[in-house]
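Below is one structure, written out as C-alpha cells, with a few remarks after it.
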Amino acid sequence: MDEKSKILVVDDERLNLNVLADLLRQDYKVILAKNANQALDRINAEFPPDLILLDVVMPEMDGYALLHKIKEQELSKNIPVIFITALDSKQDEARGLEMGAVDYIHKPFHPSIVKARIKNHLIISRQRKLLEGLANLDGLTEMPNRRSFEIAVEKEWRRCLRSGDVISLAMLDVDCFKQYNDNYGHAAGDEALRNVANVLTREIKRPADLAARFGGEEFVILLPETDAEGAKFKAEKVRAAVEALQVVHGFSSAGQFLTVSIGGVTVSPSMSSKPLDMTVGADSMLYEAKRRGRNMVLW
Ligand code: GH3
Ligand code: MG
Ligand code: MG
Ligand code: MG
C-alpha cells in the first residue's frame, strides 16, 4: 500500500482549516498552518508536503507573498500549490495562476470538486517526479547519472569562476571489472556496482558535492571549493571504503578484493579553460593509477 500523500492546508481561520481537514483526512495526511510563517516551518520540515492548499487573505503575509517564497526555495518550488479563497475576481485568479499556482478554487467550494482537483494535481506531480528520476538518475544504482553530472559541473564551474574558488574532480574506475563479470557473472557485477555506488553516496554528502555514475564501471566525484589536499583525502576514504567491503575478486591483479582506482585534478576555473579539461585531466591521472598497479588514488 502506498503511503498517504501529505497535504498542507494554510488558512488564518480555524473554521476553514477544520472543514478542509475533515474533507481530506480520509484520503490524505493533512497538516495545518494558521499563518504563512507556520506554513514555511511545515514546508521546510524533514518531510515536506506533496501539495499545498493556500488561502489568499491572511494577516501579515498573504497567500501571494507566501507562494512567492515557496517558489524561491529550491526545496519547495515544485510542490503544487492550489489557492482556495473567497477572492473571486478574475484579476485575483489570474495573478495567482501567473505566479505559478497550479489551480485556483473559489470559496464557498464544492467538496467533491476540491477533492478531484487535488487528486489530479497529485497525479501530475507524481508523474513529474518519475520523469525527473528517469532523466537524472542512473537506473542501476539510482545515483545521479552523467547528465546530472554535466549539468552540475557546468554550474559549479561558473560559480567557482565568479568566486575565485578552486574546484576538484575525480574519476573512479573499478579495477579488473571485466574479469569480475567474466568469472562471477553479470548479475554479481551489477551488485558490485551498486555496492560501489552506495559507498560513494555515503561518503560524498556535502550539499555542493556530487557523486555520479559516469557510465559502465566509471564514476565521477565533483568537489567544488575543495583544494587538492582535501579532495585527495576524500578520494582516499572512498578507495579504502570500497576495499573494506571485502567483495572477493579472485581474478584481480590488484589484490584479493574488488578495488577501485581514482585519478583527480584540482583547478582554478579561468576564462580560457573549460569543465571538460578537468575530466580529461582526471582521466589521465586515472590512467596513470592503472598503469602503476591499480587500487590507488593519484592527483
Ligand atoms: P581496468 O582495471 O583497467 O579498469 O580493467 P577493467 O576490466 O575494469 O576494464 P574494461 O574496460 O576492460 O572492462 C570494463 C567492464 O565493465 C566491461 C563491462 O562488461 C563491464 N561493465 C560496464 N558496465 C556494466 C554494468 O552496468 N554491469 C556490469 N555487470 N558490468 C558492466
Ligand atoms: Mg483568510
Ligand atoms: Mg573503465
Ligand atoms: Mg575498470
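By the working numbering, the letter at position 126 of the sequence shown is numbered 118, and the numbering carries on one by one without gaps. By construction, the Cβ of each residue, glycine as well, lies at the ideal position given by its N, Cα and C atoms. Keep in mind the model is a prediction, meaning the values are calculated, not measured.
Reduced DSSP category for residue i - H, G, I as helix; E, B as strand; rest coil
i: M270; result: helix
i: V289; result: strand
i: K62; result: Note on identity: in this sequence residue 62 is Ile, with Lys being the wrong assignment. Correct three-state label for I62: helix.
i: V71; result: Rather than Val, the amino acid found at residue 71 in this sequence is Ile. DSSP places I71 in coil when its eight states are reduced to three.
i: P216; result: strand
i: I110; result: helix
i: F39; result: coil
i: T133; result: coil
i: E210; result: strand
i: G88; result: helix
i: S260; result: coil
i: T251; result: coil
i: M277; result: helix
i: I23; result: strand
i: L9; result: helix
i: K(-2); result: strand
i: H178; result: helix
i: L45; result: strand
i: A246; result: coil
Candidates the options: closest to residue i by CA position
i: W149; options: A179, A37, I159; result: I159
i: L59; options: A37, E90, A78, L79; result: E90
i: I196; options: T218, K121, S81; result: T218
i: L114; options: G131, V94, L129, R6; result: V94
i: R186; options: G131, P51, R138, P72; result: G131
i: L215; options: P51, D157, N190; result: D157
i: D269; options: I23, Y20, L161; result: L161
i: A37; options: W291, A25, V48; result: A25
i: E221; options: L123, V22, T258, V145; result: T258
i: R34; options: L290, V191, I62; result: I62
i: M53; options: L43, E134, N27; result: N27
i: L9; options: E228, N137, K99; result: K99
i: A200; options: V191, D174, V145; result: V145
i: V212; options: K266, Q238, T271, S155; result: T271
Close beta carbons around residue i, own chain, < 7 Å, minus the five adjacent residues each side
i: K147; result: none
i: S294; result: Because residue 294 is not part of the residues shown, which for the chain are -7 to 291, the question remains open.
i: R87; result: Y56
Contacts around residue i, its chain only, beta-carbon distance under 8 Å, and the 5 residues preceding and following it disregarded
i: S276; result: G255
i: L153; result: P261, S262, M263
i: V240; result: Q248, F249, L250
i: Y172; result: V166, A180, G181, A184, H241, F243, S244, L250
i: R120; result: N70
i: R194; result: A233
i: K107; result: L15, L16, D19
Cβ-based burial, residue i [other Cβ within 10 Å; buried from 16]
i: N29; result: exposed
i: A203; result: buried
i: E209; result: buried
i: K224; result: buried
i: L67; result: exposed
i: A189; result: buried
i: E5; result: exposed
i: K226; result: buried
i: E64; result: exposed
i: I116; result: exposed
Cβ of residue i within 7 Å of any chain D Cβ
i: A86; result: In the structure shown, chain D does not exist; there is a single protein chain.
Close-in-space but distant-in-sequence residues of the same chain around residue i (CB under 6 Å, 5 per side omitted)
i: R284; result: none
i: L46; result: V2, G55, V73, F75
i: A127; result: none
i: K21; result: K(-4), K(-2)
So if I measure from each beta-carbon to every heavy atom of ligand 2 and keep distances below 6 Å, which residues remain? D3, D4, E5, D47, V49, M50
Closer than 6 Å: residues whose CB approaches a heavy atom of ligand 3: D165, G208, E209, E210
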